[in-house]
Amino acid sequence: KEELDYKNMEVRNLYGPSEDTTYSTVYRFEDDQLNYIPIGIPVGDTQLYILGDNQQLLPIGVEGEICLSGESTAIGYYNKPELTDAAFVENPFVAGKRMYKTGDIGKWSPTGQVIYSGRKDDQVKIRGYRIELGEIEYQIERLEQIQQAVVLVKEIGGEREIVAYYQEVTATSIEEIKAKLSAQLPSYMVPHIFIALEEIPLNSNGKVDKKALPEPDGSAMSTAEYVAARNEIEEELVSIWEEVLQREKIGVLDDFFELGGHSLKATRVISKVQEKFEVTIDLKNLFINPTIEHLSNYVETLKWMDDKNEEELESEQDEFIL
Numbered sequence: 496k497e498e499l500d501y502k503n504m505e506v507r508n509l510y511g512p513s514e515d516t517t518y519s520t521v522y523r524f525e526d527d528q529l530n531y532i533p534i535g536i537p538v539g540d541t542q543l544y545i546l547g548d549n550q551q552l553l554p555i556g557v558e559g560e561i562c563l564s565g566e567s568t569a570i571g572y573y574n575k576p577e578l579t580d581a582a583f584v585e586n587p588f589v590a591g592k593r594m595y596k597t598g599d600i601g602k603w604s605p606t607g608q609v610i611y612s613g614r615k616d617d618q619v620k621i622r623g624y625r626i627e628l629g630e631i632e633y634q635i636e637r638l639e640q641i642q643q644a645v646v647l648v649k650e651i652g653g654e655r656e657i658v659a660y661y662q663e664v665t666a667t668s669i670e671e672i673k674a675k676l677s678a679q680l681p682s683y684m685v686p687h688i689f690i691a692l693e694e695i696p697l698n699s700n701g702k703v704d705k706k707a708l709p710e711p712d713g714s715a716m717s718t719a720e721y722v723a724a725r726n727e728i729e730e731e732l733v734s735i736w737e738e739v740l741q742r743e744k745i746g747v748l749d750d751f752f753e754l755g756g757h758s759l760k761a762t763r764v765i766s767k768v769q770e771k772f773e774v775t776i777d778l779k780n781l782f783i784n785p786t787i788e789h790l791s792n793y794v795e796t797l798k799w800m801d802d803k804n805e806e807e808l809e810s811e812q813d814e815f816i817l
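Listed below in C-alpha cells is the structure:
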C-alpha cells in the first residue's frame, strides 16, 4: 500500500513456477504509475508464449495461457505420467523441445512486458460473461482500506453469484467499495455479495483455505436495515421478489440488484408486477426504483393515474349520454 522510493532501492518482480526450475521472467520497477503489475520479460534462454485454446500464438493485449520452454524446463512429474503428459507437451514452435503449460493466464503489453491475469482454473462464466476472479481480487486489494481479498463464485437461489470476502485495514462501507470497483470494472464483474472478515483463513501451507470461508446469508447480500412491508402493494411486491430471487425475509429497503438481481430476473419481476397490478412499466423503472419502497410508490402512482383516467372517461361518457 505504501509508495516505494525507487531512487534508493531496486525492486524486481520475479515470476516462475517450480516446473521451470527457478524464475522465468523478471520485471524491474522504475517509479511506475501502473494499475497492474507486469511479470516482465523472459530471462536467460526461456521462451515464453501466450497461447489460445488451439495452441495458437495470441496478439498483444489478448489473454491466453502462459507457456514456457527452454533449458530450465523440467522433464515432468516423478511417477505421475498422466499429469506429465497433460502439462508437458511438445513445443510446436521449436522442434525437439518440450513446453510447460503453466495454467496461468496472461497477455503481452504494447511495451513487450507480460501481464499476469490469474489462474486458468479461476476463470468462470456467469450469465454469458467470462470472468477472471483474480482480476476482481486485485482491484479490491488496490483499495487503501482493504488488506486482502478472496473472490469466489457461489450457487445462491439457483444462480451463480460472485462473492467477495475481504479483510479491512480501516472500516469502510460496502457502498463505497462497490462505487470504487464500478469505476474500474464492468458491472458484471462487481460482486453482488461482500463479506467482511477479521482475517482471511489460511491452511497449513499458508494458502487461502477456501473451505473455511463462511457461506453467504441474507445479511451479507443487503446493506439496508430490514423493514417489513407496510401496505398491501409492498406485501405483494415482497412476495414477487422472494419468488424471483429465491430468498426469504426481503425488506422494503433492500436493493434488488444487491440481492442478486440482474436483467433476466428484472424482466421476470416486471412481468409479474404488470400481471398483478394491471399497470404498464418497463425495465428502466426497476433500475430507477430498485427498492420495494420506491417501486411500490411508483406502482401506486400508476394505479392512481389509471383510476383517475377511468373516472374522467366515465364522466365524459355520462355527459355525452345526457
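The opening residue of the sequence shown carries number 496 in this note's numbering; numbering runs sequentially from there.
Just so you know, even glycine gets a beta-carbon here, dropped at the ideal spot from N, CA and C.
Quick one: using the 10 Å Cβ neighbour count with 16 as the cut-off for buried, is Leu-778 buried or exposed?
exposed
Quick check: the stretch 656-673 against the stretch 768-775, are there 3 or more CB pairs under 8 Å?
no
Alpha carbon to alpha carbon, what distance is there between His-757 and Glu-852?
Here the chain covers residues 496 to 817 and nothing more, so residue 852 does not appear.
So what does DSSP say about Phe-588, is it helix, strand or coil?
coil
Roughly how many whole angstroms lie between the Cα atoms of Leu-509 and Ile-534?
6 Å
Under three-state DSSP, which class holds Arg-625?
strand
What separation, rounded to the nearest whole angstrom, lies between the Cα atoms of Leu-797 and Ser-791?
10 Å
DSSP three-state label for Gln-634, please.
helix
Residues bridged to Ser-567 by DSSP?
In DSSP, Ser-567 forms no bridge with anything.
Just to confirm before moving on: does the CB-CB distance between Glu-632 and Gln-618 stay below 8 Å?
No, the Cβ-Cβ distance between Glu-632 and Gln-618 is not below 8 Å.
What are the boundary residues of the beta strand (DSSP E) that includes Asp-777?
From DSSP, Asp-777 is part of no beta strand (DSSP E); its letter is neither H nor E.
Whole angstroms is fine: what's the gap from Glu-671's alpha carbon to Arg-614's?
28 Å
Quick one: Cα of Pro-554 to Cα of Pro-686, how far?
Cα to Cα, the separation comes out at about 30 Å.
Within 10 angstroms of the Cβ of Leu-638, are there 16 or more other Cβ atoms? Answer buried if so, exposed if not.
buried
By Cβ distance, which residues of its chain are closer than 8 Å to Arg-593, with the 5 residues on each side in sequence left out?
Close CB contacts of Arg-593 within its chain, under the 8 Å cut and outside five residues either way in sequence, are with Ser-564, Thr-568, Ile-570, Phe-583, Val-584, Glu-585 and Asn-586 (chain order).
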